[in-house]
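First comes the structure, then the notes that go with it.
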Amino acid sequence: MTRLAIAINLDRCVGCHTCTMACKMQNNVPEGLLWNRVLTTNCDVVDGAEGTYPNVSRVYTPIACQHCQNAACQRVCPTGATYKDEKGRVEIDYEKCIGCRMCMAACPYNARVFNWQTPVRTTGANYGDAAVPVRPKGVAEKCTLCKERTDNGEEPMCVVCCPAHARIFGDLDDPDSEVSRLVRERHGYQMLEDMGTNPSVHYIG
Amino acid sequence: MTDSSQPLNRISRRSFLKASGAAAGILGIAGASSVLSLAVEQGNANAQPSEYIARTYHQVHCGGMCSLACTVRDGRLVKVQPNGVGNPDFQTICLKGISEVSHIYGTGRVQAPMKRTGARGAGEFERISWDQALDEIAAAIKEAQAAHGNDAVLVMTTDEADFGFLAPMLGAQTGGMSGIDVGIGNGLDPATGMGAGYAMSAPEARDWQRSKLVLTVGSNYCESSLPNVFTFLDAKEAGAHMVTVDPHYSTTASKSDEWIPIEPGTDAALFLGMTSYILANGLADEEFMKLHTSLPFLVDQASGQLARHHGTTAIATAANFATDSVAAAGELGEISVGGSPNEGASDGATPAVPETGEENPFYVIDAATGVPMPYNSCDNPQLEGTITIGNSSYATAYSLLLDTQAPFTTQWAAEITGIPQERIEALAKEYAEGPSALALGWGGNDKMTNADIAGHAAAILTAVTGNIGKPGAGVGVYVGPSYNGYSAPLGSWALPEDWAVASSTLSLYDMPFKQNNVHGAIFCGDFVAQHVAAMDNLTQWVDTLDFVVSIDPYFTEGAKWADYVLPATSRFEYDEPFGNVKSGYSQIVIQEKVIDPLFEAKTDLWITREIAKRLGLEAGLPATAVERCNAILASSAEEWVSSLTVEQISENGAVWPVPDRDTIREVVPDLVFPTTSGRMDVYYDNLVEYGQELPQWEACTEIADEALRAQFPLQLSNVRTRFRIHNQFYDADWLQLLYEPLIMINPEDASARNLSTGDVVKVYNNRGSFQVKVAANNAIRPGSARIYEAATALHNVEGNLQSTTNDTLIQRGSALMCGPVIPFSDTLVEIEKA
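Chains as they are written, first to last, in numbering that gives the first Met the number 0: chain A, 0 to 204; chain B, 0 to 833.
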């Protein structure tokens, strides 16, 4: 079996949002929407700090679809638009999506966004990978683990562009892959593990 | 508790919900303001239907020079990725490069030539044709130069703008000293002979992997050197102890093993305190001090000048040195003072070309004999000592240092810096042990009146510990891979012999206040709003000029004061297959044409040639950019470059690696410094009249002014950010998703003023005011405010940050290597709800 995944090394993440931008570009994500965000954990301002000066700390947490093995979004999807594919990715069949947004309510990571309106792009044209489907008004969308790239054996764009080399892509079902090794050796963990969603995305640090 | 349970406590589902979608930024999506009323034009007449990839380098000013692989579809830029060959570490990118996919089509672009219709500064323009613009500009240049001489024209171009031919072509002034980024370098670089006044004397940051301590002071490397931030993280993983000293909990501080908060503007006191501790506790590297620094050199105690072999001011004769060892050194005549390259015009007897230490030796006391000897004939000089020769008494620079350091105890430094005494002492011990890197920056104490003292104190700290010229050790600015990696020895286009820039007797920052011959100005880049403090003085002066031209891909705040605003192409647009060749991160990088020029924008060379044509000067310029590219390569002094063509580099992937670049670039591994003596020349006898021949503590002029501080209690740091390069990218709509101009203050300062995050505030002092939103942030030092530089009226709620910044130039500024630094952050303000 194959279980494609990303491990994010929070010790290395510098909160630069390059992954956010790389994802937006590659996947033609329209104005007002992002598939991939970087949170300054427990802060209400970007680059804020927890604690009181000078006893402060800060953790940047990049968040996108966690590609759960037990995906809450999939279970509540009434049309089967959200599905688990053969490589372990959670994907959306936009043709089948009826815009009910049950998936958005179910996702504990708030990873999905919705095209409330006809998508607008400030550049006036589509950008990114030509193979990425253009989503219409009224469908949900999210990180696909760069399906169009990873199907061709390429790494997701957020991994390619990360200046901190904080993101590692690979197959969790291959014990010799770098991502498996890192998760094993660096005690990788899953976000909101108690939700029972069993994400493929792992965090380190 | 297992590792996997930690995140349950660290982050809650609510956290994800709170910061959803695009509203992750502090205040959601910022509105893009622009004075331009012209509509965004879509597409391009010559659109190519197919998809292809072309490569260009990105911005210079961050030091990134990232080569980008750009996907073009239907004639439009749709994707950028890191480009390169070989070692992937040299294939870099950051969010700014990616944002170009939208930015270059954005509302910030100047779309057509524009002529001013309203008052200067009002930002009112009408669209005109290129011919009209160029004809009128050429006529204005001719008129000004005919009436007042060639230097009646001022041409200033940033590194980012490829308009290097304009100034020599016109024989124009170029604005003199910059006053920017030279604060630390002014004090550090005379000692190392490196850095060019910008403290760029460090090895490349990959060297940190070999350091035991990386001490970052006043630099936010993890933001300002983002494309190669991996070097910082690699060093940390390799076991280097990463310690960052910063008033604020910067990104770099948060990624370090330890953050040491410091009172703003007191970096010099930290270095002085560390040095005292090292000297007092036997932690210094005596061998290094004796053989590789000027610390054993004799100084005439009456004049404070270093003793030399010969010169015009004789103070002792050969007879005084009648010993065998001296005779062996040969031709000893009079010992004299002076001759330092830094002495400048204050001593008319100083040779125009300073003599090297070889030609005119300095003197040391031989430890074995107690006799003065030329330093280059003595391998065991006395560090501490005094000697009287005739009527003159001399002391070693080291002895003088012990005296000048006496008041700068760690207890004293603790009081000044706010860092606990024990921490300073432990840090000094760890630094001295080494190998240690001292990573300095341009965004912290560099922008304060006492920056040169901090730089000089850093030089002394380095010199007494020998933390330079060996693996893992270094001092200076490590930011910017293309600055610190291997540079490619490119040649240049050969200009006609009679083309030369006019001497700049005055610097831009002085022009509002001193008589000058500037009657017209061409600015390529935002000089008006970015290059001086208290900008309202400058704009008043600019308003007196006969003509002002702005050439830039984007409309800038400074362009509001221009009579003509010309649209240049971005890095992605050209009208030939190749635009230019540059030195990047240890590789040659080239600009391929990615797309056709957008809107009515024209290339640098086209604009330059069209102005030249109207002045009868075009014969001196390359006919094509491809010709320029190949001339730059062919005229290189090194064969591996001169044998290349731009076409070959293109075939190779649009980059050409510097040979052996996988070897970490070191500086002075042989410990031969490019200074007068060949050593670290840490004693500055040209600064004797200012009492700074050895670093003496001096507080900042404005922020340490208690009376003024009672009125304006907050020190205003204006610093760099990952979201911008100076004023660039404020108009990039994708980056506006992440950040809009705001001033950050500590929550206690916010609540004292009844302010909440998101409030619009007025920031003001006696010089001026501006309005932005405020964010309460525990990362900010109480008593300070922090804002990212280049916040202008184009994107602020109102007004310019630069209206408030401090333009006071220190008295010793003219004696410093690069002239005075503009103390942008030695600024006090008060904040209130707008």
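Beta carbons are placed, not taken as given, at the ideal position from N, Cα and C, and that holds for glycine.
Chain A contact residues for residue i, given Cβ-Cβ distances below 8 Å
{"i": "Pro260 of chain B", "result": "Tyr52 and Pro53"}
{"i": "Gln80 of chain B", "result": "Met156, Val159 and Cys160"}
{"i": "Pro781 of chain B", "result": "Tyr52"}
{"i": "Ala852 of chain B", "result": "With chain B running from 0 to 833 in the structure shown, residue 852 of chain B is simply not present."}
Residue environment, residue i, which counts as buried when at least 16 other CB atoms sit within 10 Å
{"i": "Pro419 of chain B", "result": "exposed"}
{"i": "Pro658 of chain B", "result": "exposed"}
{"i": "Asn151 of chain A", "result": "exposed"}
{"i": "Asn27 of chain A", "result": "buried"}
{"i": "Ser56 of chain A", "result": "exposed"}
{"i": "Tyr51 of chain B", "result": "exposed"}
{"i": "Phe512 of chain B", "result": "exposed"}
{"i": "Ala425 of chain B", "result": "exposed"}
{"i": "Gln710 of chain B", "result": "exposed"}
{"i": "Met0 of chain A", "result": "exposed"}
{"i": "Ser716 of chain B", "result": "buried"}
{"i": "Val517 of chain B", "result": "buried"}
{"i": "Gly818 of chain B", "result": "buried"}
Cβ of residue i within 8 Å of any chain D Cβ
{"i": "Arg719 of chain B", "result": "Considering every chain present, this structure includes no chain D. Its protein chains are A and B."}
Within chain A, partners of residue i - CB distance below 9 Å
{"i": "Gly105 of chain B", "result": "Thr121 and Thr122"}
{"i": "Asn726 of chain B", "result": "Residues of chain A passing the Cβ test: none, with the nearest at roughly 20 Å."}
Backbone secondary structure at residue i - three-state DSSP
{"i": "Gly443 of chain B", "result": "coil"}
{"i": "Thr17 of chain A", "result": "helix"}
{"i": "Met743 of chain B", "result": "strand"}
{"i": "Ala21 of chain B", "result": "Per-residue confidence for Ala21 of chain B stands at a pLDDT of 39, beneath the threshold of 50, marking its modelled position as unreliable; the derived number appears in the next sentence. Ala21 of chain B: helix per DSSP, three-state reduction."}
{"i": "Glu831 of chain B", "result": "strand"}
{"i": "Ser98 of chain B", "result": "helix"}
{"i": "Leu297 of chain B", "result": "strand"}
{"i": "Gly798 of chain B", "result": "strand"}
{"i": "His201 of chain A", "result": "strand"}
{"i": "Phe162 of chain B", "result": "coil"}
{"i": "Lys114 of chain B", "result": "strand"}
{"i": "Asn536 of chain B", "result": "helix"}
{"i": "Gly475 of chain B", "result": "strand"}
{"i": "Ile521 of chain B", "result": "strand"}
{"i": "Gln381 of chain B", "result": "coil"}
{"i": "Phe270 of chain B", "result": "helix"}
{"i": "His455 of chain B", "result": "helix"}
{"i": "Met103 of chain A", "result": "helix"}
Straight-line Cα distance separating residue j from residue i
{"i": "Ala703 of chain B", "j": "Gly443 of chain B", "result": "16 Å"}
{"i": "Thr157 of chain B", "j": "Cys523 of chain B", "result": "6 Å"}
{"i": "Phe728 of chain B", "j": "Asn776 of chain B", "result": "24 Å"}
{"i": "Pro576 of chain B", "j": "Ala636 of chain B", "result": "25 Å"}
{"i": "Leu800 of chain B", "j": "His201 of chain A", "result": "42 Å"}
{"i": "Gln300 of chain B", "j": "Ser293 of chain B", "result": "16 Å"}
{"i": "Ile5 of chain A", "j": "Arg88 of chain A", "result": "11 Å"}
{"i": "Gly98 of chain A", "j": "Gln73 of chain A", "result": "14 Å"}
{"i": "Thr464 of chain B", "j": "Leu643 of chain B", "result": "44 Å"}
{"i": "Met273 of chain B", "j": "Ile415 of chain B", "result": "13 Å"}
{"i": "Gln590 of chain B", "j": "Gly63 of chain B", "result": "14 Å"}
{"i": "Ala472 of chain B", "j": "Gly96 of chain B", "result": "32 Å"}
{"i": "Val796 of chain B", "j": "Phe769 of chain B", "result": "8 Å"}
{"i": "Ala306 of chain B", "j": "Glu383 of chain B", "result": "16 Å"}
{"i": "Gly332 of chain B", "j": "Gly389 of chain B", "result": "Per-residue confidence for Gly332 of chain B stands at a pLDDT of 40, beneath the threshold of 50, marking its modelled position as unreliable; no derived number is given."}
Under 7 Å by beta carbon: chain A residues contacting residue i
{"i": "Tyr874 of chain B", "result": "Shown here, chain B extends from 0 to 833; a query on residue 874 of chain B therefore has no answer."}
{"i": "Cys93 of chain B", "result": "Cys15, Thr17 and Pro162"}
{"i": "Ala774 of chain B", "result": "Val44"}
Neighbour list for residue i in chain B, Cβ cutoff strictly below 7 Å
{"i": "Ala21 of chain A", "result": "Ile97"}
{"i": "Arg11 of chain A", "result": "Leu232"}
Proximal residues of chain B, C-beta to C-beta of residue i below 8 Å
{"i": "Gln25 of chain A", "result": "Lys78"}
Taking only beta carbons into account, state which residues of the segment 124-141 of chain A come closer than 9 Å to chain B, listed in chain order. Ala124, Asn125, Tyr126, Gly127, Asp128 and Ala129
Report the residues of the segment 569-603 of chain B with a CB closer than 8 Å to any CB of chain A, ordered along the chain. none
Using a Cβ cut-off of 9 Å, which residues of the segment 62-81 of chain A contact any Cβ in chain B, in chain order? Ile62
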